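Report on the following structure.
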Amino acid sequence: MQKIIFTIFIVIIALPVYAGDDDGRAYYDFGVFAYQDGDYAGAENYFISAIGFNPDNPMYHYYLGKTYLKTERYDKAEQHLSRAWASDDKISGLKYDIATLRYKTEKYAEAAELFMQVAQEDSTHVLANYYAGLSLMRTERYKDAAAYFVTAAGKSPTIGGNGYYYAGLCYQKIGEFDTALEMFEKVKQDPESQNLKENAEKWIDAIRKKQKALQPYSLYLKLGRRYDSNVRLEPLDEDIYADESDWVNLLYFSGKYDFLKQERFTLGAGYSHYQSWHDDLNEYNLDRQHLQFLRDMVCCSRCLRICVSARILLAGRGKLSAPAPFQT
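Just remember that our numbering sits 12 ahead of the position in the sequence shown, which is counted from 1.
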C-alpha cells in the first residue's frame, strides 16, 4: 500500500513540473526507472507515450532504441537510435549503443570503427576497448584487436582473463608466438580465470609444438656400440656365414635446413652421414655420406602432399655386409 501511495505522489509532483515544458518528460523519467529495473515492457510503453507528446525529442528515441536493443528487436532499435543520432550525435552513450547494435547485427567493420572512437574519446571505457577487440578480431585485423584486448584486460580485473586469452589467440594468428605465449601465461596466473586455464595450457602446448615444427633446421645424432656374433663375409647367393665375431661402433648423423618454409611449401637440403668401426675386422667398416635436396608442397587443405627429393651419394667406403637370407 505504501508503494502505491509513493508512486501516486511522484506522478502528482512530477507532472506539474514537466507539464509546462514537455508533457512527455514524466513518462520518459518513469521509462528510465523501469529500464534500470529491468522492466523493459513497461519502459517501452513509457517511452512510446513520451514520444507521443514530443516526437522530436532525441532522448526519448534514444532510450526507446536502447530498450529495443536490450530486447533484441534490432530493426526497431536501428530506427530509434538512428533518429536520435540524426538529432543529436553528442548524446552520452549513444555512439556506444549504436556500435553494440552493429556488433549484434554482425556488421563488425562498422562496429569496430565506432567502438574504437568511443575508446579514444574515453580511455576509461573498458567495454569499448574489449568490444573493439572482438569486432576487429571478427574482421581478421588481429594485430589491432590484440592491442585493444590487452588494454581492456589491464583496466579491468573482471575482463582480464578473457582479454588476455583473446589477445593470445590474435597473436598466434599473426605468428607472434612468443607474445601469444606471454598472454596465455597471464591467463594461467589470473585467479579469476579458472575456466580458461585449461584452454590456455592447450594453446601453450600447441604453440610450442608449432614453434618447433617451424624451425628452419633439424639435427639428429646417434651413437652406439654392439656385438656382432656372425659378421657376414660372403655374398648372399653362396649362403655361407662367417664364424668370426667382432664389436662394432656406430655413428649416424643427419641435418636438414629449409631455405624457404611457408605454410604450404618447403624448399630445403639435408645431409646424412653413417659410419661404423669394427674393433678387428676393419675391412667391413662403413662410411657413407648423402646430400638430399627436398621440395615439399601441400596442394590443398586436405593435405595432398607432393614431395620431390634427390639423394646424392657423396662418398662411400668399406664392404657392405649382405643381409641374412630369409628363414622359412
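Positions of the beta carbon are idealized from the N, C-alpha and C atoms, including for glycine. On a predicted model such as this, the values are computed, not experimentally measured, just so you know.
| Query | Result |
| --- | --- |
| Which class does ASN297 belong to by DSSP, given the choice of helix, strand or coil? | coil |
| If you check the beta carbons only, do ALA38 and ALA46 fall under 9 Å apart? | no |
| Using 8 Å as the threshold, is the segment 184-194 in touch with the segment 168-175, meaning 3 or more CB pairs across them? | no |
| Residues in the same chain with beta-carbon distance under 6 Å from LEU148, minus the five sequence neighbours each way, listed in chain order, please. | ALA124, ASP156 and ALA157 |
| Drop a sphere of 10 angstroms on the beta-carbon of ASN207, count the other beta-carbons inside from all chains shown, and report buried for 16 or more, exposed for fewer. | exposed |
| Would TYR232 and PHE265 qualify as a contact pair, given that the criterion is a beta-carbon distance under 9 Å? | yes |
| Please report the Cβ distance between HIS73 and ALA53, rounded to the nearest whole angstrom; I am assuming they are in contact, meaning their Cβ atoms lie under 8 Å. | Not quite, the Cβ-Cβ distance comes to about 18 Å (not below 8 Å), so this is no contact. |
| In whole angstroms, what separates the C-alpha of LEU181 from that of LEU146? | 11 Å |
| Buried or exposed: GLY236, going by 16 or more other Cβ atoms within 10 Å of its Cβ? | exposed |
| Starting from HIS137, follow its DSSP beta bridges and name the residues at the other end. | HIS137 is not bridged to any residue. |
| Does the distance from the CB of GLY43 to the CB of TYR58 come in under 9 Å? | yes |
| Distance, Cα to Cα, ASN294 vs LYS234? | 21 Å |
| What separation, rounded to the nearest whole angstrom, lies between the Cα atoms of LEU132 and LYS102? | Looking at the sequence itself, residue 132 is Gln, so the reference to Leu does not match. If you take the alpha carbons of GLN132 and LYS102, they lie about 15 Å apart. |
| In terms of alpha-carbon separation, which member of LEU263, GLY36, GLU90 and THR163 lies closest to SER284? | LEU263 |
| Which class does LYS185 belong to by DSSP, given the choice of helix, strand or coil? | helix |
| With burial defined as no fewer than 16 other Cβ atoms inside 10 Å of the residue's Cβ, what is the status of ARG220: buried or exposed? | exposed |
| Can you name, in chain order, every residue of its own chain whose Cβ lies under 7 Å from the Cβ of SER108, other than the five neighbours on each side? | Here residue 108 turns out to be Tyr, not Ser, going by the sequence shown. Counting only Cβ-Cβ distances below 7 Å, and skipping sequence neighbours, we find VAL130 and ALA140. |
| Could you have a look at SER205 and say whether DSSP puts it in helix, strand or coil? | coil |
| Going by beta-carbon coordinates alone, are SER205 and TYR178 separated by less than 9 Å? | no |
| Cα-Cα, which of TYR269, SER257 and ASP270 is closest to ASP292? | SER257 |
| The alpha helix (DSSP H) spanning LYS107 covers which residue range? | 106-116 |
| According to DSSP, simplified to helix, strand and coil, what is SER168? | coil |
| Checking 9 Å against the spacing of the C-beta atoms, do TYR183 and ALA164 come in under that value? | no |
| Per DSSP, which one or two residues make a beta bridge with LEU263? | LEU235 and GLN287 |
| What's the C-alpha gap between TYR154 and LYS209? | 22 Å |
| Starting from the Cα of ASN69, find the closest Cα among SER94, ASN261, TYR80 and GLU197 and give me that residue. | SER94 |
| With a Cβ-Cβ cutoff of 9 Å, do TYR40 and MET71 count as a contact? | yes |
| Are there 16 or more other CB atoms within 10 angstroms of the CB of TRP215, so buried, or fewer, so exposed? | buried |
| Given this structure, state the Cα-to-Cα distance separating LYS88 from TYR80, to the nearest angstrom. | 6 Å |
| Quick check on GLY341: buried or exposed, where buried means 16 or more other Cβ atoms within 10 Å of its Cβ? | A question about residue 341 goes unanswered here, because the residues of the chain that appear run from 13 up to 340. |
| Kindly indicate which three-state DSSP category GLY175 falls into: helix, strand or coil? | helix |
| Label SER104 either buried or exposed according to how many other C-beta atoms from any shown protein chain fall within 10 Å of its C-beta, with 16 as the threshold for buried. | exposed |
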